[in-house]
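> In my numbering, the protein residues as written are 29 to 367.
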């Protein structure tokens, strides 16, 4: 079977139906419907990768494809005027829209190009975008990079998507590369992930602190006018202030005349803060008429507190909670008897 061929503006198109092959300038090519199939392709990338990553992916892909095409044009060795005409015909015949070179300065390696009704514009319109994409502007940057033999980047001056008659893009030598853009995207992603993790840690820390406030150092009324506050774990400055505030707020509710502080569960490594806690709490409770009794101070903690300068002898101290309760009752003129 004869392979159909067609020449359009000096460009060869061919089809081999038996092989399912479409040829453009002798190379395998492919055709897609723009506003349906290609739109779905773009939509899927954005759905999976997100808008920011999609923009970088399309820009990078466009640029790298452009460098391949740039090598093709370089081999043609077309003169300046011929190149502008060849570029326009090549992309127009392939359905890429109309590309017109308004400026082409070979010495300064600067180009201004007008793009009208290109396929990316049509996809963006079908997507309902308000801002034009970067695939084609970056694609032409890749072409000019190949032609000029130096890295060329772009600046989009206006976009047809935004209501202009055509898209205007200027090209110039630059140190900006798609590799740097990829790395910047990765850095931005890492920063976003770190910020999200920090926010998550902050939220969980707040939840944990709230839980600690609710569970730590509860006030337990054991007998009439006698309450016990067990000290658990470690107390930093914030937790000490919270304990004192919570205790002073709760004592009047229980009409407590005796507050028994139980140090049994306190971490012995925080002696300076423990001493500060004792002095602050005893001084504060005495102002509202409550007497504080200390119980459960172990030998190690006792020595550490003494070294910190506080004199435990001025406080009523007992080895166990049971002894402290007996003492509080005795101060009230009562005692526990067996029936």
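Note that beta-carbon positions come from the ideal geometry of N, C-alpha and C, so glycine has one too.
#1: Is residue 291 closer than 9 Å to residue 321 when the C-beta atoms are compared?
#2: Among the residues of its own chain, which have a CB less than 7 Å from the CB of residue 283, if the five just before and after it don't count?
#3: For residue 310, which of 293, 288, 294, 328 has the nearest alpha-carbon?
#4: May I ask which residues mark the beginning and end of the beta strand (DSSP E) holding residue 280?
#5: From 120, 329, 360, pick the residue whose C-alpha is nearest to that of residue 347; which is it?
#6: Would you mind listing the alpha helix (DSSP H) stretches within the stretch 184 to 209 that are 4+ residues and don't spill past its ends, in chain order?
#7: Please report the distance separating the alpha-carbon of residue 304 from that of residue 222.
#8: If we ignore side chains and look at the alpha-carbon of each, how far apart do residue 273 and residue 82 end up?
#9: Helix, strand or coil: how does DSSP classify residue 247 here?
#10: With a floor of 4 residues, list each alpha helix (DSSP H) that falls wholly inside the stretch 91 to 172, ordered by position along the chain.
#11: Which two residues bound the contiguous beta strand (DSSP E) that contains residue 319?
#12: Could you give the residue range of the beta strand (DSSP E) that holds residue 72?
#13: Quick one: what does DSSP say residue 288 is sitting in, helix, strand or coil?
#14: Shortest alpha-carbon distance to residue 317 belongs to which of 276, 326, 121, 183?
#15: Using a Cβ-Cβ cutoff of less than 6 Å, which residues in the same chain neighbour residue 206 once the five nearest sequence positions on both sides are dropped?
#16: For residue 188, collect the residues of the same chain with a Cβ closer than 6 Å to its Cβ; drop the 5 residues on either side in sequence, then sort them by chain order.
#17: Check whether the stretch 163 to 183 and the stretch 133 to 150 are in contact - that is, three or more C-beta pairs closer than 8 Å.
#18: When you compare each of 135, 134, 110, 147 to residue 126 by their alpha carbons, which one comes out closest?
#19: CB residue 154 to CB residue 64, shorter than 9 Å?
#20: Could you name the residues of the same chain whose beta carbon sits closer than 6 Å to that of residue 200, not counting the 5 residues immediately before and after it, in chain order?
#21: Around the C-beta of residue 327, are 16 or more other C-beta atoms found within 10 angstroms, so that it is buried, or is it exposed?
#22: With distances taken from CA atoms, which of 75, 77, 118 is nearest residue 52?
#23: CB-CB under 6 Å to residue 145, same chain, minus the five flanking residues each way: which ones, in chain order?
#24: Please tell me whether residue 279 has its Cβ less than 9 Å away from any Cβ of chain E.
According to the data block:
#1: Sequence index remark: in the chain shown, residue 321 carries index 293 (1-based). Sequence index remark: in the chain shown, residue 291 carries index 263 (1-based). No, the Cβ-Cβ distance between residue 321 and residue 291 is not below 9 Å.
#2: The residue labelled residue 283 in the question sits at position 255 within the chain shown. The beta carbon of residue 283 is closer than 7 Å to those of 253 in its chain, skipping five residues each way along the sequence.
#3: Here residue 310 corresponds to residue number 282 of the chain shown, with the count starting at 1. Closest option to residue 310, Cα to Cα, is 288.
#4: Here the question's residue 280 lines up with position 252 in the chain shown. Here residue 280 belongs to no beta strand (DSSP E); instead the alpha helix (DSSP H) covers 265 to 282.
#5: In the chain shown, residue 347 corresponds to position 319, counting from 1. Among 120, 329, 360, the Cα nearest to that of residue 347 is on 329.
#6: When DSSP assignments are scanned along the stretch 184 to 209, no uninterrupted stretch of alpha helix (DSSP H) that is 4 or more residues long falls wholly within it.
#7: As a first step, residue 304 must be located in the chain shown, where it is residue number 276. As a first step, residue 222 must be located in the chain shown, where it is residue number 194. For residue 304 and residue 222, the gap between their C-alpha atoms comes out near 38 Å.
#8: Mapped onto the chain shown, residue 273 falls at position 245. Mapped onto the chain shown, residue 82 falls at position 54. Their Cα atoms are separated by approximately 54 Å.
#9: Taking the first residue of the chain shown as position 1, residue 247 is located at position 219. When secondary structure is reduced to three states using DSSP, residue 247 falls in the coil class, being assigned neither helix nor strand.
#10: Counting whole runs of 4 or more residues, the stretch 91 to 172 contains the alpha helix (DSSP H) stretches 108 to 121, 147 to 155.
#11: By one-based count along the chain shown, residue 319 stands at place 291. First-last of the beta strand (DSSP E) with residue 319: 319 to 323.
#12: Position 44 of the chain shown, counted from the start, is the residue given in the question as residue 72. From DSSP, residue 72 is part of no beta strand (DSSP E) but of the alpha helix (DSSP H) over 67 to 77.
#13: Against the chain shown, residue 288 aligns to sequence position 260. DSSP places residue 288 in strand when its eight states are reduced to three.
#14: Here residue 317 refers to the residue found at position 289 of the chain shown. The shortest Cα separation from residue 317 among 276, 326, 121, 183 belongs to 276.
#15: Mapped onto the chain shown, residue 206 falls at position 178. The beta carbon of residue 206 sits closer than 6 Å to the beta carbons of 88, 91 from its chain, once the five residues preceding and following it are set aside; these are given in chain order.
#16: Here the question's residue 188 lines up with position 160 in the chain shown. When the five nearest sequence neighbours on each side are left out, the beta carbons in the same chain lying within less than 6 Å of the beta carbon of residue 188 are those of 149, 194, 195, in order along the chain.
#17: They touch, by the three-pair rule.
#18: As a first step, residue 126 is located in the chain shown; it is residue number 98 there, counting from the start. Of the candidates 135, 134, 110, 147, the one whose C-alpha sits nearest the C-alpha of residue 126 is 147.
#19: Indexing the chain shown from 1 puts residue 154 at position 126. Indexing the chain shown from 1 puts residue 64 at position 36. With a cutoff of 9 Å on beta-carbon distance, residue 154 and residue 64 are scored as near each other.
#20: For the purposes of this step, residue 200 is taken as the residue at position 172 of the chain shown. Excluding sequence positions up to five before and after residue 200, its CB lies within less than 6 Å of the CB of 138, all in the same chain and listed in chain order.
#21: Counting from one through the chain shown, the residue named residue 327 turns up at place 299. Residue 327 comes out exposed.
#22: Numbered from 1 along the chain shown, position 24 holds the residue referred to as residue 52. Ranking the options by Cα distance to residue 52, first place goes to 118.
#23: Counting from one through the chain shown, the residue named residue 145 turns up at place 117. Cβ neighbours of residue 145 beyond the five flanking positions: 125.
#24: Absent from the structure: chain E. Only one protein chain is present.
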